[in-house]
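Each protein sequence line maps, in turn, to chains G and V. The numbering of the first sequence is my numbering, which starts it at 3 and goes up by one. The numbering of the second sequence is my numbering, which starts it at 3 and goes up by one. Comments concern the structure below.
Protein chains: 2
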Amino acid sequence: MIGPEQRGRVAVVLVRSRNPQNIGAVARAMHDFGFTDLRLVNDYTVPFEAAQSAIDAGEVMRAARHFTGLTEAVADCTLVLGTTAVGERRIEQPLDTLDRSSTRVAEELAKGVEASPRVALLFGSEKTGLSNEELSYCHRLVTIPMHQHAGMRHPSMNLGQAAAVCLYELVRGSATPVRERAAEPAASMGEIERMRVLLAEVLEAAEYRRHHPANSSEAHLRRLAIRLAATRADAPVWMGILRQVLWKLGKPARETR
Amino acid sequence: MIGPEQRGRVAVVLVRSRNPQNIGAVARAMHDFGFTDLRLVNDYTVPFEAAQSAIDAGEVMRAARHFTGLTEAVADCTLVLGTTAVGERRIEQPLDTLDRSSTRVAEELAKGVEASPRVALLFGSEKTGLSNEELSYCHRLVTIPMHQHAGMRHPSMNLGQAAAVCLYELVRGSATPVRERAAEPAASMGEIERMRVLLAEVLEAAEYRRHHPANSSEAHLRRLAIRLAATRADAPVWMGILRQVLWKLGKPARETR
């Protein structure tokens, strides 16, 4: 949905995140999905050594910027989205599920460079999420739809996993084509008929037909042969097997007799 | 896409996962999205204490089953999907990106109870992924579309994050409706006109109109007032502010003079 060239216009803003492992996990998810702009808001300097050592997170972590306040952290952003587990909290901003938010982000970024669109995606602290004061910076809120377990507190996701899911949703559908296996040619109906005949000979030779005539009709065997010969490459393999079985049963295939 | 009642028919199978933190993270993601069937394939018993202590993972971890071989682990499954980063490896199975796989899973589960559909989602070891022998159990392969960084090895995701993204995609679109904020009533045009008049008085009193007549036209001020009064609750607030400014400028609002 959001092309690779637009991902530089999406900032991931971690507010009061204090767990270096989680920060590293967010950076790794950003790296995995092609995002680069990580902003950390903390009123004191967090030691990042542990985060920087996270696999694949190095580049993103090195470019991360530190802010002491949210005002400065989102000053250049034209759309600010706050992630929330919602729960029992009263919310003042319009709330979207993640897939809808992704569309809004794409619409904002589609405004083009002259509008200087820049989107901030805010994540709160691991323990408390975003405070009401922090949510007041948000144009809209985002929630990842989670399963509500009966009688349990409202679920909240691990920070690194929540970031991975959000960023995946942002790039979903814009995937560069995967290296597909070459389309497998299908077996021709001529090959399938030859298989069907061989199969009939095997059932005859094995005295299966005598015991199960209903399962040995031409139509039934043809349907079986179609499923056996799922690909053109499979057909000669199966025919070799069937011929060998016939030979072993002392009734070599008629076509080769 | 996959309803809550169908999620019990999806097994997450971790093959040769040895990091209890990662196993715990997978269990937590399963809990978050309402999945319960975790299967661990290892040729020796992994100590799970660390995994069981993971937040929200306890229930899923306690129900997890241990298998010594993949044959037994997927014996009751009718569709086996193997996750892979693809990379340079030659693949023998058809490959889907995650969103397409999700549709296939939904189609399989839609076959209904009489077909006993059960889907296995396989994740390989953190270091090497699934081996070719392990991939041979798979009907199809799944890949999460990731960003290919120039000159870097093909990316692979952290196991806990990959599981979270896959399970999110499976439940995506089946979200229970989120608790929406009550629709905000819009300000009436009558209120907006009163605001527009007050705004004109402020610009007059502040001698702004004299310096910027083009910005002070009735139509221009009406457009400004419409955007100011984004909601019905905003309108009286703004009118109070404008009246106060007029009073302070020594030109109390005409309507109240």
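Positions of the beta carbon are idealized from the N, C-alpha and C atoms, including for glycine.
- Residues of chain G with a Cβ closer than 9 angstroms to the Cβ of Val173 of chain V are, in chain order, Pro147, Met148 and His149.
- For the C-beta of Ala31 of chain G, the chain V residues within less than 7 angstroms are, from N- to C-terminus, Gln163.
- The C-alpha of Gly5 of chain V is placed about 51 angstroms away from the C-alpha of His222 of chain V.
- For Gly36 of chain V, the chain G residues whose C-beta falls within less than 7 angstroms of its own C-beta are His149, listed in chain order.
- Your pair Leu81 of chain G and Val107 of chain G checks out as a contact, with CB atoms roughly 7 angstroms apart and the cut at 8 angstroms.
- Taking 7 angstroms as the cut-off, the Cβ atoms of Phe35 of chain V and His151 of chain G do not count as close.
- Of the residues assessed, His33 of chain G falls on the buried side of the cut-off, its CB having 16 or more other CB atoms within 10 angstroms.
- At a beta-carbon threshold of 8 angstroms, none of the residues of chain G lie near Ala189 of chain V; the nearest stands roughly 17 angstroms away.
- As DSSP reads the structure, Leu97 of chain V sits in a beta bridge with V:Leu143.
- DSSP places Val82 of chain G in the strand class (E or B) of the three-state scheme.
- Exposed is the label assigned to Gln246 of chain G, since fewer than 16 other Cβ atoms lie within 10 Å of its Cβ.
- Around the C-beta of Met159 of chain G, 16 or more other C-beta atoms lie within 10 Å, and the residue is accordingly described as buried.
- Per the C-alpha coordinates, the member of V:Ser104, V:Ala65 and V:Val43 positioned closest to Glu171 of chain V is V:Ser104.
- Residue ranges of uninterrupted alpha helix (DSSP H) with 4 or more members, entirely inside the stretch 159 to 229 of chain V and ordered along the chain, are 161 to 173, 191 to 207 and 210 to 213.
- For Leu40 of chain G, the enclosing beta strand (DSSP E) has its first and last residue at Asp39 to Val43.
- If you check the CB distance, Asp98 of chain G and Val144 of chain G come in under 7 angstroms.
- Under DSSP, Arg67 of chain G takes part in a beta bridge, and its partners are G:Arg41.
- Taking CB atoms only, Val12 of chain V has no neighbour in chain G less than 7 angstroms away.
- For Val62 of chain V, no CB of chain G lies under 7 angstroms from its own CB, so it is not counted at the interface with that chain.
- Under the three-state reduction of DSSP, Ala237 of chain G is assigned to helix.
- Residue range Leu72 to Ala75 is occupied by the alpha helix (DSSP H) that includes Leu72 of chain V.
- Checking the DSSP bridge columns, you'll see Ala122 of chain G partnered with G:Ala13 and G:Val82.
- The bridge partners DSSP lists for Gly131 of chain V are V:Ser127.
- Excluding five sequence positions before and after Arg67 of chain G, the CB atoms of its chain that fall closer than 6 angstroms to its own CB belong to Arg41, given in chain order.
- For Val28 of chain V, the enclosing alpha helix (DSSP H) has its first and last residue at Pro22 to Phe35.
- Three or more Cβ pairs drawn from the stretch 116 to 136 of chain G and the stretch 7 to 15 of chain G lie within less than 8 angstroms of each other, which places the two stretches in contact.
- At a cut-off of 7 angstroms, the C-beta of Pro157 of chain V has a neighbouring C-beta in chain G.
- Between the stretch 124 to 139 of chain V and the stretch 189 to 209 of chain V, the count of C-beta pairs closer than 8 angstroms stays below three; the two stretches do not touch.
- Secondary structure of Val88 of chain G (DSSP, three-state): coil.
- Cβ contact annotation for Asp78 of chain V (same chain, cutoff 6 angstroms, sequence separation greater than five): Arg120, in chain order.
- Annotation: Gly175 of chain V to Glu109 of chain V spans about 15 angstroms, alpha carbon to alpha carbon.
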